[in-house]
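1 is the number of the first residue of the sequence shown in UniProt numbering; add one for each residue after it.
Glycine included, every Cβ here is placed at the ideal spot set by N, Cα and C.
A quick note: this is a predicted structure, and the numbers were derived from the prediction, not measured.
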Amino acid sequence: MIGAMYGIGSEPRPVSRTSTRVLRFLAFSMVVGWVVFIALWIHAEPPPGAPSPDELARAYESALNNRQPDGVVTLLGGPVEGSDEVAKYLVGQPHDGRWHVSVVVLDGDTFLAVNDDRGLTAHLPTTNVDGHWQVNPLVSPR
């Protein structure tokens, strides 16, 4: 009597084909939805840099003068290992006055001329990648 009451010794209950199909469909839909979400999230992230050299110069000058390494990181281009450390180094340079950044074209190449109130000038090469101008953190020999 107890065996019959709890289903002991009875045949296993058949699994509904409909519920199995629904579960498979839901699992597949969740995987596809997750992949689409990740792809759109990556695609929606703005590329580094600025739309024009002048805007790049303004953003770079603002980040340097406000001592914001995160602002510099978003402007660095190219495959830079340790761009956070490069940005912290660039922003952390001892300096009393303000940095001035302007766009300079030398021999057809566009550079950012970074100078201070004492006359120190460095030309940083820029690159245009898919319509976004980026700073190359390596100082040009010019």
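As assigned by DSSP and simplified to three states, the class of residue i
i	result
residue 100	strand
residue 65	helix
residue 74	coil
residue 43	helix
residue 130	coil
residue 56	helix
Residue i and residue j closer than 8 Å at C-beta
i	j	result
residue 86	residue 101	no
residue 135	residue 60	yes
residue 50	residue 75	yes
residue 77	residue 48	yes
Nonlocal neighbours in the same chain, by C-beta distance under 8 Å from residue i, ignoring five residues either side
i	result
residue 127	77, 78, 133, 134 and 136
residue 98	65, 116 and 117
residue 156	Look at the range of the chain in this structure, 1 to 142, and you will see that residue 156 is not part of it.
When the options are compared against residue i, the one with the closest alpha-carbon
i	options	result
residue 93	55, 105 and 120	120
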